[in-house]
Structures are given as C-alpha cells and as structure tokens.
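Quick notes on the structure that follows.
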Amino acid sequence: MYDFAVVGVGPAGARVARRAAEAGDDVIAFEQGEIGTPLACSGHVSRDIWEYTPDGAREELLQNEVYGADFHVGGPDSDAYSFYKDEPVSNVIDREELDRTLAAAARDAGAEIHDGHTVTGVDEGVDSVELTVSPDDGEPFTVEAKMVAGCDGPVSRVRRAVDLPEPDEKLHGVLGFDPEPDHGDFVDVHLTVPSFFAWRIPRGEGGVEYGLAVRPDAEEDARARFDRLVDAYGAEIDRFCSGAIPIGPPDSVTSHRVFLVGDAGAQTKPFTGGGILYGMRSADHAVRQIDPDDPATLSAYEVAWRDELATEIRLGHWLRRAYSLPEPVQRLGLRLTSGEIGVHMDRPTTLFSREHLRSYLP
Numbered sequence: 142m143y144d145f146a147v148v149g150v151g152p153a154g155a156r157v158a159r160r161a162a163e164a165g166d167d168v169i170a171f172e173q174g175e176i177g178t179p180l181a182c183s184g185h186v187s188r189d190i191w192e193y194t195p196d197g198a199r200e201e202l203l204q205n206e207v208y209g210a211d212f213h214v215g216g217p218d219s220d221a222y223s224f225y226k227d228e229p230v231s232n233v234i235d236r237e238e239l240d241r242t243l244a245a246a247a248r249d250a251g252a253e254i255h256d257g258h259t260v261t262g263v264d265e266g267v268d269s270v271e272l273t274v275s276p277d278d279g280e281p282f283t284v285e286a287k288m289v290a291g292c293d294g295p296v297s298r299v300r301r302a303v304d305l306p307e308p309d310e311k312l313h314g315v316l317g318f319d320p321e322p323d324h325g326d327f328v329d330v331h332l333t334v335p336s337f338f339a340w341r342i343p344r345g346e347g348g349v350e351y352g353l354a355v356r357p358d359a360e361e362d363a364r365a366r367f368d369r370l371v372d373a374y375g376a377e378i379d380r381f382c383s384g385a386i387p388i389g390p391p392d393s394v395t396s397h398r399v400f401l402v403g404d405a406g407a408q409t410k411p412f413t414g415g416g417i418l419y420g421m422r423s424a425d426h427a428v429r430q431i432d433p434d435d436p437a438t439l440s441a442y443e444v445a446w447r448d449e450l451a452t453e454i455r456l457g458h459w460l461r462r463a464y465s466l467p468e469p470v471q472r473l474g475l476r477l478t479s480g481e482i483g484v485h486m487d488r489p490t491t492l493f494s495r496e497h498l499r500s501y502l503p
C-alpha cells in the first residue's frame with residue numbers, strides 16, 4: 142500500500158512524486174513510455190522554472206534567453222510590433238531533458254519511478270485505489286495506493302476512469318524543429334490562426350521551434366497551416382510532433398481518492414496553452430493539502446490551486462479574445478501598447494502591476 146501513486150511523469154507528475162517523497166510519503170509513479178519522449182510541448186518557459194529544478198539544472202537545460210516578442214498580424218514579412226524588457230523575459234530550455242531531470246529529482250527524493258509502464262485500469266474504492274499496470278516487457282500487475290494523482294495529460298485515462306469532467310476545450314497543437322542554430326533575442330508571434338496564434342522560437346544551438354494551435358473544428362487543419370508557416374520562413378523541419386492542448390479547467394479535478402494535476406486538470410494558460418509552471422504550482426498545493434489517509438483533504442487542494450490560479454486563468458481567457466479581433470483593431474492595439482513592458486509571462490494580472498504601468502511613462 143503506497144501513500145501516493147502517480148500516473149504520468151511529466152513536470153506535474155514528477156513534481157508530485159518528488160514533493161510527496163520529500164514529505165516522507167511512500168510514492169510510486171508510472172510513465173507510459175520513455176520519460177521525456179515523445180515531445181508534445183514547447184520549451185519556452187518563464188525564468189521561474191529554475192525554482193522547481195535541482196541545483197545545476199540551469200547549466201544543463203538552458204538553450205537561449207529571450208528578451209521579448211515581435212507580434213505580427215501577417216506573415217514573417219509583415220510589420221513587427223515589439224514588446225521587450227532590458228533583461229531576459231523568459232528562457233528556452235531542452236524540453237525533453239527537463240522531464241528527465243525532474244524525474245531524476247523525484248527518484249533522488251525516494252520516489253519509485255517506472256517508465257515503460259502503462260496504467261490500464263483505475264479501480265477507486267472507499268479506502269484505496271487499485272491500479273492495473275502493464276509493463277512493456279512483462280505481465281500486468283496491480284498496485285494499491287491511498288491516493289492517486291492523475292498527471293497523464295490532456296486525454297487523461299485517469300480522468301475518464303473516475304468520471305471527472307473534461308476540460309472546456311482541447312486545441313490541436315503542432316510543433317516542428319529546424320536544426321539551424323539561432324541565438325536571437327526575440328520570439329515571433331503571428332496572430333494569423335483563428336482563436337489562437339502561431340510562433341517561432343529561437344533555441345540557440347538547439348535550432349528553431351515553430352508551432353501553432355487550432356480548434357479541432359477549424360476550417361483548415363493545423364498541419365496545413367503549419368506547413369504554410371514554415372514555408373514562409375524557408376525552414377527545413379527535421380522533427381515534427383503534435384498533441385492536444387487543454388484549455389479551461391473543469392469544475393472539479395478531484396473524486397474520492399483521485400486528484401488531477403497539470404494538463405489532466407487543464408491547469409494551463411488560456412492565452413498560450415502552456416502549463417508547465419501552472420502544473421507544478423498545483424502539484425505543490427496537492428502535496429501540502431492532501432493527507433493520503435483523509436479523503437476530505439482533497440477539497441483543500443481544490444481551493445488552494447484555484448485561489449492561486451483562477452484569476453490568472455480568467456484574465457488569460459480575456460487576453461485570448463484579442464487574438465480574434467478584426468485586423469485593424471489588432472494593429473491599433475499593438476501599436477498603442479508595444480514597447481518596453483513590465484509583465485510576467487505566467488501572470489496576466491501583472492498587466493496592472495506598477496512595473497508595467499511605469500513602462501508607459503516617459
């Protein structure tokens with residue numbers, strides 16, 4: 142009988158496993174494939190990421206520092222509206238290695254981490270949860286835990302097994318990588334995709350990341366739009382991946398002895414789709430609030446993570462609406478607001494911060 146079983150060892154799952162093990166709980170975690178692959182998420186993150194990694198990780202993971210973004214309402218040759226700081230705004234990291242680094246930190250803390258193990262069954266009881274696990278190279282077996290953390294992504298098997306509600310929507314995201322090194326200081330954002338955007342991110346010696354996301358019911362599919370984007374840049378893509386991006390957390394991410402963290406609970410930024418930091422912050426709340434012997438404490442987790450993130454998510458939805466404004470309105474808004482900024486990329490509330498408001502003063 143484990144205190145916590147974690148399904149999915151991405152950033153959110155690894156964080157739950159690490160923090161729970163550090164707190165003295167017995168923890169086991171399962172990843173369906175190889176940890177870190179296949180890649181299905183951008184490596185462009187805020188500098189807050191280093192608060193969640195072990196000592197020395199920055200030197201191993203950092204690929205580039207970003208000072209701002211050039212926004213376009215057309216293609217690469219269209220006018221650019223620049224938003225920037227005099228210091229790095231964000232970092233570009235080795236996304237696959239991040240997962241492996243966080244999983245190693247969880248192991249070092251005492252958690253049992255097993256990759257190549259697919260959880261095929263979740264049977265929630267009154268006093269425990271039984272998982273059926275199928276390893277790649279062996280016979281299925283069962284594991285019993287007092288609590289189960291569903292950290293298994295936007296199409297979470299755990300979420301479906303315990304009948305928790307789905308995210309409000311799932312976008313279809315596409316990523317591709319050009320190996321040509323690029324140490325540029327700015328990312329490019331193109332407001333050319335209905336209800337979302339496309340991007341180009343310089344990754345230093347790691348090359349260039351291109352991506353976009355669309356609603357599944359879009360008139361033109363994500364891959365066709367992606368091909369036009371990279372053709373416009375003249376990029377040569379050597380790696381390509383795609384996946385769902387959950388937007389809008391459901392009313393509940395907990396059942397009797399199961400709780401969702403990260404993409405499984407749609408703990409993501411509606412205006413970018415990113416969820417690495419939101420997921421790990423929610424993981425910390427889960428471990429602080431949940432007593433594996435007391436299912437009633439799951440309600441404290443629901444309250445805690447929403448107290449921190451609900452306003453940011455709500456404002457993020459409003460920011461995303463600007464992506465669908467008429468082009469003349471977009472141009473006017475970008476022209477009036479471009480320049481030096483004082484915002485944090487994970488916190489839309491900083492649009493109203495003193496630092497950002499001072500950036501408009503002469």
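Residue numbers (the working numbering): 142 to 503. From the three backbone atoms N, C-alpha and C, an ideal C-beta is built for every residue, glycine too.
Identify the residues that DSSP records as bridge partners of Glu172: which are they?
-> Asp256
What's the C-alpha gap between His313 and Arg341?
-> 17 Å
If you pair each beta-carbon of the segment 464 to 475 with each one of the segment 213 to 225, do three or more pairs fall below 8 Å?
-> yes
With distances taken from CA atoms, which of Gly279, Ser231, Asp293 and Tyr351 is nearest Arg369?
-> Tyr351
Inspect the CB distances between the segment 321 to 335 and the segment 296 to 303 and report whether three or more fall short of 8 Å.
-> no
Could you pull out every residue in the same chain whose Cβ sits closer than 8 Å to the Cβ of Ser393, ignoring the five residues on either side in sequence?
-> Leu305, Pro306 and Glu443
What separation, rounded to the nearest whole angstrom, lies between the Cα atoms of Glu172 and Ile254?
-> 8 Å
Verify the CB distance criterion: does Gly352 have a CB-CB separation below 9 Å to chain C?
-> Any reference to chain C falls outside this structure, which holds one protein chain only.
Go ahead and pull the three-state DSSP assignment for Pro343.
-> strand
Indicate the three-state DSSP secondary structure (helix, strand or coil) for His458 in the structure shown.
-> helix
Specify whether the segment 176 to 191 and the segment 446 to 460 touch according to this definition: at least 3 beta carbon pairs, one from each stretch, less than 8 Å apart.
-> no
Beta-bridge partners of Pro387, as assigned by DSSP = Lys311
Any 3 or more C-beta pairs closer than 8 Å across the segment 229 to 243 and the segment 142 to 157 | yes
Terminal residues of the continuous alpha helix (DSSP H) containing Thr283?
-> No alpha helix (DSSP H) holds Thr283; the beta strand (DSSP E) holding it covers Phe282 to Gly291.
Leaving out five residues on either side along the sequence, give the residues of the same chain with a beta carbon under 6 Å from the beta carbon of Asp256.
-> Glu172, Glu175 and Ile176
Residues sharing a beta bridge with Ile234, DSSP | Leu203
Taking DSSP as the reference, what is the three-state secondary structure of Asp329?
-> strand
According to DSSP, which residues form a beta bridge with Tyr143?
-> Ala286
At what residues does the beta strand (DSSP E) containing Ala210 begin and finish?
-> Gly209 to His213
Does the segment 398 to 409 come within contact of the segment 419 to 433, defined as at least 3 CB pairs closer than 8 Å?
-> yes
Buried or exposed for Arg159, please, with buried defined as at least 16 other CB atoms from any protein chain shown within 10 angstroms of its CB.
-> buried
Is there contact here, the segment 276 to 296 with the segment 325 to 340, by at least three beta-carbon pairs under 8 Å?
-> no
Mind checking who Asp432 pairs with in its DSSP beta bridge?
-> Asp435
Start-to-end residues for the alpha helix (DSSP H) that takes in Tyr374 = Ala363 to Tyr374
Are the beta-carbon atoms of Ala339 and Leu353 separated by less than 9 Å?
-> yes
Range of the contiguous alpha helix (DSSP H) that encloses Thr395 | Per DSSP, Thr395 belongs to no alpha helix (DSSP H) and is neither H nor E.
Contact check, Val315 vs Ala363 under 8 Å by CB: the rounded distance?
-> 5 Å
Looking at the structure shown, is Arg488 part of a helix, part of a strand, or coil, going by DSSP?
-> strand
Tyr464 versus Leu456: straight-line alpha-carbon distance, rounded = 14 Å
With distances taken from CA atoms, which of Gly317, Ala365, Thr413 and Ile454 is nearest Ala181?
-> Gly317
With Pro411 and Arg461 assumed to form a contact (beta carbons below 8 Å), what rounded beta-carbon distance in angstroms separates them?
-> 5 Å
Measure from the alpha carbon of Ile583 to the alpha carbon of each residue in Met288, Gly251, Thr409 and Thr478, then state which is nearest.
-> Residue 583 cannot be examined here, being either before or after the span of the chain that is shown, 142 to 503.
For the alpha helix (DSSP H) containing Gly154, list its first residue and its last residue.
-> Pro152 to Glu163
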